[in-house]
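Using numbering that gives the first Met the number 0, read the sequence shown as starting at 0 and increasing by one per residue. One structure is given here, and the rest of the page talks about it.
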Amino acid sequence: MKRQTGIWIDTSKAIIVTLEGGKDEKISEIDSDVENNVYHDKEGNKGTFSGGHHGNSESKFENRKKEQLDFFIKEVLSYVKGADELFVFGPAETKIRLEQKIQDEKLFANKLKAVETADKMTLNEIVAKVKKFYVS
């Protein structure tokens, strides 16, 4: 029995729809801890000053965000490692990062069937899109 999986992903969450034998569906949601704000409550918008040195919080934020996104993508991949086929879609560049990680991982060789751009979707729309992708 084939295990077909669709992943809708953006920086805030991933919704994973798994079809077993094309019929039974299992839906899982993984929330992300990726920060989406550059400035934090206790930081000003000018960065921080330490003597003659000026530290820009934006570069620190970008590094932290990259690490958080990498961790999130690894978490999603660990959740779908039993899949026979993968279909990835979503609104932003997170799906591209996931696609790159899938291609880098030997565990997922030749399992990625497609990557598509899709806007924000309801849960029902996501399930319908995954079913339509694998049925047609």
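From the three backbone atoms N, C-alpha and C, an ideal C-beta is built for every residue, glycine too.
For residue i, count neighbouring C-beta atoms within 10 Å of its own C-beta (all shown protein chains included) and say buried if the count is 16 or more, exposed if not.
i: Phe121; result: At residue 121 the sequence reads Thr, which differs from the Phe that was named. Exposed: under 16 other Cβ atoms inside 10 Å.
i: Leu76; result: buried
i: Ser58; result: exposed
i: Thr10; result: buried
i: Phe70; result: exposed
i: Gln3; result: buried
i: Val79; result: buried
i: Gly5; result: buried
i: Val134; result: exposed
i: Leu106; result: exposed
Taking the DSSP output, what are the residues bridged to residue i?
i: Glu19; result: Arg2 and Asp23
i: Asp9; result: Its beta-bridge partners do not exist; DSSP assigns none.
i: Asp30; result: Lys12
If you draw a straight line from the C-alpha of residue i to the C-alpha of residue j, how long is it?
i: Glu61; j: Thr116; result: 24 Å
i: Glu24; j: Gly89; result: 19 Å
i: Phe146; j: Lys119; result: Nothing about residue 146 can be reported from this structure: the residues present for the chain run from 0 to 135 only.
i: Leu68; j: Val33; result: 6 Å
i: Ile95; j: Ile26; result: 22 Å
i: Glu19; j: Ile72; result: 23 Å
i: Lys100; j: Ala91; result: 16 Å
i: Glu104; j: Gly81; result: 14 Å
i: Lys30; j: Lys130; result: In the sequence on display, residue 30 carries Asp and not Lys. The alpha-carbon atoms of Asp30 and Lys130 are separated by roughly 23 Å.
i: Leu97; j: Ile15; result: 13 Å
i: Glu28; j: Trp7; result: 10 Å
Tell me whether the segment 105-120 and the segment 74-89 touch, counting them as touching only if at least three CB pairs, one residue from each stretch, are closer than 8 Å. yes
Restricting to runs no shorter than 3 residues, where is the beta strand (DSSP E) found entirely within the segment 54-134? 84-89 and 111-116
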